[in-house]
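Q: Each residue of the sequence shown is one higher than the last, beginning at 59 in our numbering.
Attaching a single structure in structure tokens format; questions to follow.
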Amino acid sequence: MQGYDNKNSGKRRADDFDRYDSYTEDELYEEEISRKHSKADEIVAKKKKENIMKKRRKKALIVILILAILIAAAFILLEIFTEAPDISDDEGLKNVDINVEKGVTNGRNNGMYTFLVVGRDKVGNNTDTIMVGRIDVVNKTLNVISIPRDTLINSNYNVKKINYIYPANVNTGGDAIGSLCDAVSNMLGFNVDNYIVVDIQAAAELVDCIGGVEFDVPVDMHYDDPGQDLHIDLDAGLQTLNGDNAVKVFRFRNTYAGGDIERIGVQHDLLMAIAKQTLSLGNVPNIGEIIDIVENNTETDLTADNIRFYIKAFLTIDKEDVQFFTMPGDPYGCIYGMSYVYPDIDAWLDMVNEYISPYVDKVTVENVNMATVSNGNFYTTTGELPGGVTSFMFADGSSFPAGAGVYKFQSSKG
59 MQGYDNKNSG
69 KRRADDFDRY
79 DSYTEDELYE
89 EEISRKHSKA
99 DEIVAKKKKE
109 NIMKKRRKKA
119 LIVILILAIL
129 IAAAFILLEI
139 FTEAPDISDD
149 EGLKNVDINV
159 EKGVTNGRNN
169 GMYTFLVVGR
179 DKVGNNTDTI
189 MVGRIDVVNK
199 TLNVISIPRD
209 TLINSNYNVK
219 KINYIYPANV
229 NTGGDAIGSL
239 CDAVSNMLGF
249 NVDNYIVVDI
259 QAAAELVDCI
269 GGVEFDVPVD
279 MHYDDPGQDL
289 HIDLDAGLQT
299 LNGDNAVKVF
309 RFRNTYAGGD
319 IERIGVQHDL
329 LMAIAKQTLS
339 LGNVPNIGEI
349 IDIVENNTET
359 DLTADNIRFY
369 IKAFLTIDKE
379 DVQFFTMPGD
389 PYGCIYGMSY
399 VYPDIDAWLD
409 MVNEYISPYV
419 DKVTVENVNM
429 ATVSNGNFYT
439 TTGELPGGVT
449 SFMFADGSSF
459 PAGAGVYKFQ
469 SSKG
């Protein structure tokens with residue numbers, strides 16, 4: 059039979075004939091047919107496997123090609139459709155003349171842009187997250203300073219806190235973001251170039267868009283506030299947070315031994331984790347959606363092209379060159395029963411000059427309008443406190459503390 063005539067069958071022919079000697083002719087025929095079918099099945103299975111592998115390789119190549127196109131398209135869009143934001147149109151540092159020097163434009167270092175980021179909670183229009191930043195597109199660095207929400211400011215409000223300005227103006231029909239920008243300007247000594255007010259829930263959409271964020275939650279977070287519809291139930295430890303839980307970590311402020319300052323530190327760590335995940339290569343195809351989330355959940359003077367400009371700039375910055383800071387000061391202040399953070403004005407100005415100011419000339423006490431408390435007295439850079447020491451909410455007509463006065467702040471730096 060044909061099955062025994064091939065060159066590989068010689069060795070087994072004798073054994074095969076001995077084994078089949080007792081078979082009838084029909085049985086031998088059926089055996090041979092069975093062998094042929096088995097051989098055919100093997101061939102079919104092999105061909106099917108080869109076809110599957112070819113299809114998989116083809117699909118893989120298509121996926122790689124699509125990713126390459128998306129990445130190329132994203133960078134082409136970022137290259138073409140970007141526009142640097144306009145810099146502040148003021149004359150520079152407040153109350154001084156700017157000397158234009160070589161390598162700068164109108165007293166500013168080229169390629170430095172400043173911005174204000176405000177995290178707004180729609181419930182009550184609270185602005186518990188206030189950050190000022192500077193991106194340097196020449197040296198590829200990004201610095202951000204958080205201003206604690208209870209920071210004492212030199213204002214005519216009866217609650218003289220930085221986070222009180224925005225909701226107070228919303229409630230009275232005033233220019234909320236304009237007034238907050240003015241208050242920040244009083245602390246910086248110059249106007250920021252741009253602002254962006256972000257609905258805190260936008261962070262949830264962003265985190266979900268990038269596939270969640272891996273974060274080591276530092277403490278057990280369990281808190282319920284039905285009034286804000288806020289219910290937090292997270293255990294400490296490394297985990298992948300979805301958008302909703304990331305916002306809960308961001309908003310949580312209970313049980314921190316270091317109070318709001320420690321909370322800001324956790325926010326910085328979470329922002330770094332989100333930034334790292336957002337700017338990873340795997341999220342390049344999501345850039346369009348990320349821009350949409352920013353545009354649809356923010357109040358800003360930036361155009362879409364400005365936002366693309368910033369994103370492009372962020373993509374060039376190594377994570378080691380992104381730094382977060384917190385305004386230096388005493389976080390345990392208290393005025394008429396309300397908590398306040400007393401700024402360390404000298405240390406603050408040093409931080410602003412080193413990490414935020416785009417100007418060549420140094421910001422000094424003469425450029426800012428700030429207030430602090432030291433040794434039981436108020437000290438302001440203007441020498442005045444609007445309304446005096448009894449202008450605070452819950453003031454009972456007495457001084458704070460007994461015998462407190464208002465004095466002009468004198469820098470220890472002379």
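Beta carbons are placed, not taken as given, at the ideal position from N, Cα and C, and that holds for glycine.
Sort GLY391, ASP283, ILE351 and ASP302 by Cα distance to VAL431 and report the nearest one.
A: Of the listed residues, the one whose Cα sits closest to VAL431 is GLY391.
Q: Rounded to whole angstroms, what's the CA-CA distance from VAL265 to GLU347? Just pull it up for me.
A: In a straight line, the C-alpha of VAL265 is about 12 Å away from that of GLU347.
Q: Between the alpha carbons of GLU357 and ASP240, how many angstroms are there, rounded?
A: Each residue's Cα considered, the two are about 16 Å apart.
Q: In the DSSP assignment, what are the bridge partners of THR440?
A: None, per the DSSP bridge assignment.
Q: Between the segment 201 to 210 and the segment 276 to 288, do at least 3 Cβ pairs fall closer than 8 Å?
A: The segment 201 to 210 vs the segment 276 to 288: no contact.
Q: Considering only the alpha carbon of each residue, which of VAL162, GLY169 and THR163 lies closest to ALA371?
A: When only C-alpha atoms are compared, the closest one is GLY169.
Q: Taking the alpha carbon of GLU263 as the reference point, which residue from VAL305, VAL228 and PRO444 has its own alpha carbon closest?
A: Nearest option by C-alpha distance: VAL305.
Q: Using DSSP bridges, identify the partner residues of PRO401.
A: Answer is GLY387, bridged to PRO401.
Q: Counting along the chain, where does the beta strand (DSSP E) carrying ILE193 start and finish?
A: Here the beta strand (DSSP E) through ILE193 covers 184 to 194.
Q: Could you pull the start and end residues of the alpha helix (DSSP H) that GLN297 belongs to?
A: Segment 295 to 299 is the beta strand (DSSP E) holding GLN297; no alpha helix (DSSP H) there.
Q: Once DSSP output is grouped into helix, strand and coil, what is the label at SER237?
A: It is helical.
Q: For LEU328, does the three-state DSSP call read helix, strand or coil?
A: In this structure, LEU328 counts as helix in the three-state DSSP scheme.
Q: If you run the structure through DSSP and keep just helix, strand and coil, what is ASN197?
A: Looking at ASN197 - three-state DSSP - the assignment turns out to be coil, as it is neither helix nor strand.
Q: Could you spell out the range, first to last residue, of the beta strand (DSSP E) harbouring VAL228?
A: Per DSSP, VAL228 belongs to no beta strand (DSSP E); it is in the alpha helix (DSSP H), 223 to 230.
Q: Could you check the C-alpha separation between ALA362 and SER415 for me, to the nearest Å?
A: Distance between the alpha carbons of ALA362 and SER415: 25 Å.
Q: How many Å lie between ASN167 and VAL195 at the Cα?
A: Spanning the two alpha carbons is a distance of roughly 11 Å.
Q: How should LYS377 be labelled, buried or exposed, when 16 other C-beta atoms within 10 angstroms of its C-beta is the threshold for buried?
A: Label assigned to LYS377: exposed.
Q: What did DSSP end up calling ASP274 once you bin it into helix, strand or coil?
A: Of the three classes helix, strand and coil, the one that applies to ASP274 here is strand, per DSSP.
Q: Kindly indicate which three-state DSSP category GLN381 falls into: helix, strand or coil?
A: Correct three-state label for GLN381: strand.
Q: Going by C-alpha to C-alpha distance, which of GLY231, GLY434 and PHE382 sits closest to TYR465?
A: Nearest of GLY231, GLY434 and PHE382 to TYR465, Cα basis: GLY434.
Q: What does the alpha-carbon distance come out to for the pair ALA401 and VAL421?
A: Note that residue 401 corresponds to Pro in the displayed sequence, not to Ala. Rounded to the nearest angstrom, the two C-alpha atoms are 16 Å apart.
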